Each structure stands twice: as C-alpha cells, then as structure tokens.
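In the working numbering, the protein residues as written are 36 to 283.
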C-alpha cells in the first residue's frame, strides 16, 4: 500500500511539472524552409501555438529587425486571415541589383478574418524574405500575439548567449554560411550553359575542316575515276586498231 501511494504521488508530481513546463515552452517561433543562408533568400514560417484553454488567437504582429533591414518581404496568403504591411524609411538606403531601396518592411500583421487559432491548435504564417544580411549570424523578430479575450502576449525578449531562455523569448532565425558562388544553382547552370556554347563554338572549325577534307576526297576520287575511264577507252581503241593491222 505504501509503495502504491508513493508511486501515485510521484506520478501526480511528474504530471504537474509537465503541465507547468508545457505552456512555457510553447511560444511564437520562426523556422526557414530549408536553409537561411547569408546573402540569399529564404521562406520563413512563423509558427504560432495557442496557449490558452478558454481563448483563441486572433492577431499576430511580427516586427522585422531595423538593424538589418530586408529589401524584399512577401507574405503568403493564409485563408481566413487579413494581412497588412507597414514600411519605414531607411536611414541608410540599400543597394539591390543596382537600385537604391529607401524604405523597407518594418512590420507584418495577420488579423483573423473568418478564422482563428483555437485552443490546442497552431498556425503557420509563411513569408518570403531577402536578401539576408551577410554580416550577422541571426535575426530577431519581435512578435505580439493577441487573443479574442483582449489578452496580449509580447514575445520580445532577446535570448542571451549561454543564458537561460527568457519567459517571453522573441523568435530568432539562425543564419547559415553563404554558398561559394553566392547565388545557388542558377549561377552554376549559367556557367554550364556558357561552357556548352564555348564547346560548340570550338567544335565548329573542326567540323568545317572535316567537311572540307571530305569534299576534297570526293573530288579526287571522281577525277581518278574519269581518268581511268579515258585510259580504258584508249586501250580498247588501241587493241581494235592493232587487230586490224594484223589482219591486213
């Protein structure tokens, strides 16, 4: 009896720890689809879990880093949600593909419009971004989550290196090293196509030379054939004349 009571008490204690620790670990986060390489473009998914048992999430605001502005931010449409984009002027313009960018997206807001994140569910909000900075190892996106009971949760605390996770951590995107060509497979395809064109151009003189040699060989063969026919006719004629002289 004592052993069963001890086991039951331990089980209740363990379940209480899980219930307390569970909601603390569920927060707004960001993950790339594939890799988020420095200097490149990526699709990001902002994952929003619902932490409340009696309320639904109806709004998400994601603030984009001002210290590393992104020249391109394109959210994907999410059924049942309206999207609004805020932009701000840049203190230092960005130069992208030879053009100067004087403003960048500072915030993207998703508001429930016929849909919501109910208790026990989560929703992902995809965004295409770029070009990612080359002089940073991570980007911090401060997010604000609003429930239909007017409760607001601010996921804005930046994690400290080597420290414990804060109570309301902001979504952090880890950046990976840039590829060697800096542009991915497209550059390799262009280079390969260029090499193919060069190979084709280098083969052209050889093909022309081969054609010329073949033409010359055909001409020589025809000339020798004609000479042979003439010599044969001359031989036949000489034989006929010789026969007539012998008869005479």
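Glycine included, C-beta positions come from ideal geometry on N, C-alpha and C. Predicted model, so just to flag it, every value in this text is computed and none were measured.
In chain order, 80, 82 place their CB closer than 6 Å to the CB of residue 159, counting only its own chain and leaving out the 5 sequence neighbours on each side.
One thing to note: residue 65 has its Cβ within 9 Å of the Cβ of residue 176. Around the beta carbon of residue 180, 16 or more other beta carbons lie within 10 angstroms, which makes this residue buried. In this structure residue 162 is in contact with residue 143, their Cβ atoms being roughly 7 Å apart against a cut-off of 8 Å.
Assignment of beta-bridge partners to residue 161 by DSSP yields 80.
For residue 98, the enclosing beta strand (DSSP E) stretches over residues 92-98. In this structure residue 166 touches residue 76 by the C-beta definition: roughly 6 Å separates them, less than 8 Å. Assigned with DSSP and collapsed to three states, residue 156 falls in coil, not helix or strand. Residue 97 is not a Cβ neighbour of residue 152, given a cutoff of 9 Å.
Under the three-state reduction of DSSP output, residue 147 falls in the strand class.
Taking every protein chain shown into account, the CB of residue 178 has 16 or more other CB atoms within 10 angstroms, so this residue is buried. The continuous stretches of beta strand (DSSP E) do not include residue 191, and DSSP gives it neither H nor E. In the structure shown, residue 111 adopts coil according to DSSP, grouped into three states. In this structure residue 154 is exposed. Its beta-carbon is surrounded by fewer than 16 other beta-carbon atoms within 10 angstroms. By the Cβ-count criterion, residue 62 is buried, with 16 or more other Cβ atoms from all chains shown falling within 10 Å of its own Cβ. Between the beta-carbon of residue 74 and that of residue 169 there is about 5 Å, and that keeps the pair under the 8 Å contact cut. A direct Cα-Cα distance of roughly 16 Å separates residue 102 from residue 209.
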